[in-house]
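Q:
In this note's numbering, the protein residues as written are 3 to 277.
Encoded structure:
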């Protein structure tokens, strides 16, 4: 199959990560890529993490029976893997070998309204190493921490107006250091500065799920149409294609510009290869 996103065309590989690894794929939630080109697939099952090379060969898998509800993941510049565990109200940080380095949050003490964390969903990093967490299903806020994990600021709150949120499902910092939030139930992606001041929003999406940006500045958003949308570096909508599951829960772009979609119902990873 060939899909088009704006001016670009892609070859669709819906069985990219199957073959012998198919036995491990179960309840896929998210996908991310590191600077070396490895693809990390987060699952709500055991093993909770699958690691592939760009050819779709499984090179590692991580197991931990305590990690049952990984929602999204992100990899920082040092190669540490941050897993946001929604129903345990915490973020778990791993090294590249899958060993736990530290945890943020307490599964036995969810945060009150406006306090970290109450069913968090995603995490993103600034260039200076600060952390931004979307929080999430119990809360409707964005939390800002410094690189040492100290809580700096929180903004948002349940509502439909500018700056308010309803199920902030994903968060990303773009190359201009703006904070983009997939405001799912409000059918928009809101854009803030790092202090939480509202700047603008991206519309034309229905229940946005995940968001990422490639090295050229293009922004990709999955939603529940199900569609993959692309916006240019000026935030203008330039195209969309469908995803192959009921919806694409996660999306990532690797160092080569190829796109990966974490599909739900049925489970799988769809790869879009630029041609």
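Virtual Cβ for every residue (Gly too), placed ideally from N, Cα, C.
1. Which runs of the beta strand (DSSP E) spanning at least 3 residues fall entirely within the stretch 95-145, listed in chain order?
2. Return the Cβ separation of residue 128 and residue 76 in integer angstroms, given the expectation that the two are a contact with Cβ distance under 8 Å.
3. Kindly list the residues whose CB is nearer than 8 Å to the CB of residue 259, restricted to its own chain and excluding five residues on each side of it in sequence; keep chain order.
4. Hey, out of 98, 101 and 94, whose CA is closest to residue 108's CA?
5. If distances are taken between C-alpha atoms only, which option among 5, 46, 87 and 189 comes closest to residue 288?
6. Rounded to whole angstroms, what is the Cα-Cα separation between residue 262 and residue 181?
7. Give me, in chain order, the residues of the same chain whose beta-carbon lies closer than 6 Å to that of residue 209; leave out the 5 immediate sequence neighbours on both sides.
8. Distance check for residue 200 and residue 156, CA to CA, integer angstroms please.
9. Taking 7 Å as the limit between beta carbons, can you name the residues of its chain near residue 104, skipping five residues before and five after?
10. Roughly how many whole angstroms lie between the Cα atoms of residue 11 and residue 232?
11. Could you check which residue in 166, 247, 223 and 188 has the C-alpha nearest to that of residue 7?
12. Between the Cα of residue 67 and those of 23, 47 and 85, spot the shortest distance and give me the residue it belongs to.
13. Please report the distance separating the alpha-carbon of residue 160 from that of residue 115.
14. If I measure Cβ to Cβ from residue 174 and keep anything under 7 Å in the same chain, skipping five residues before and after, which residues do I get?
15. With residue 183 as the anchor, note down where its beta strand (DSSP E) starts and where it stops.
A: From the atom records:
1. 102-107, 122-127 and 133-137
2. Residue 128 to residue 76, Cβ: 12 Å. No contact.
3. 216, 217, 218 and 276
4. 94
5. Outside the shown range of the chain, which is 3 to 277, sits residue 288, and nothing can be said about it.
6. 22 Å
7. 186, 225 and 226
8. 13 Å
9. 95
10. 12 Å
11. 223
12. 47
13. 10 Å
14. 126, 182, 213, 214 and 215
15. 181-185
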